[in-house]
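K.L.:
Numbering (this note's numbering), first residue to last: 495 to 638.
(1) How is the alpha helix (DSSP H) around residue 573 delimited, first residue to last?
(2) Residue 574 and residue 609 - do their beta-carbons sit closer together than 8 Å?
(3) Take residue 612 as the anchor and find which of 587, 583 and 564 has the nearest alpha-carbon.
(4) Under 8 Å between the Cβ atoms of residue 624 and residue 524?
(5) Let me make sure I understand the geometry here. Which of 528, 517, 530 and 545 has the alpha-carbon closest to that of residue 554?
(6) Tell me where the alpha helix (DSSP H) around residue 619 begins and ends.
(7) Curious, which full-length alpha helix (DSSP H) runs of at least 4 residues does the segment 527-570 contain?
(8) Roughly how many angstroms separate the alpha carbons of residue 526 and residue 618, rounded to a whole number?
(9) In the DSSP assignment, find the unbroken beta strand (DSSP E) run with residue 602 in it and report its ends.
(10) Mark residue 559 as exposed unless 16 or more other C-beta atoms lie within 10 angstroms of its C-beta, in which case mark it buried.
(11) How is residue 587 classed by DSSP in three states: helix, strand or coil?
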């Protein structure tokens with residue numbers, strides 16, 4: 495299974511999701527390929543936000559080596575599933591879909607159209623965002 499996590503800048507939410515899902519996949523012996531990307535290009539080549547690195551490290555997950563990249567239409571051909579963090583990301587990713595099969599790969603990480611809040615402007619959100627993402631990733635692993 496090849497899974498891509500997508501947020502806006504690829505420095506807060508999606509690197510956390512990549513790190514968490516990779517950790518859970520490895521623990522379960524699944525051997526999944528997991529990556530992350532942003533719909534914007536502001537942080538291409540940059541490491542994750544230090545606050546994301548810190549909260550992940552607190553839970554034993556090292557995301558410090560990840561680097562931001564921008565989502566490309568070609569990602570549809572490589573990944574089996576594409577999870578996005580909010581409705582804006584969902585719309586931005588679908589704009590690049592080439593076929594109905596591409597569109598079917600995209601879904602919100604959380605159920606019921608609930609977004610994963612962007613913690614960029616609020617330090618207090620990093621811990622709750624970690625927990626939301628962890629729970630969603632645990633469900634993905636269980637539903638394999």
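Each residue gets a CB set at the ideal place from its N, CA and C atoms; glycine is no exception.
P.N.:
Concretely, from the data shown:
(1) Per DSSP, residue 573 belongs to no alpha helix (DSSP H) and is neither H nor E.
(2) no
(3) 583
(4) Their beta carbons are not under 8 Å apart, which means residue 624 does not touch residue 524 by this criterion.
(5) Checked all of 528, 517, 530 and 545; the closest Cα to residue 554 is 517.
(6) First-last for residue 619: undefined, no H or E at that position.
(7) 544-552
(8) 31 Å
(9) 600-602
(10) Residue 559 should be labelled exposed.
(11) Of the three classes helix, strand and coil, the one that applies to residue 587 here is helix, per DSSP.
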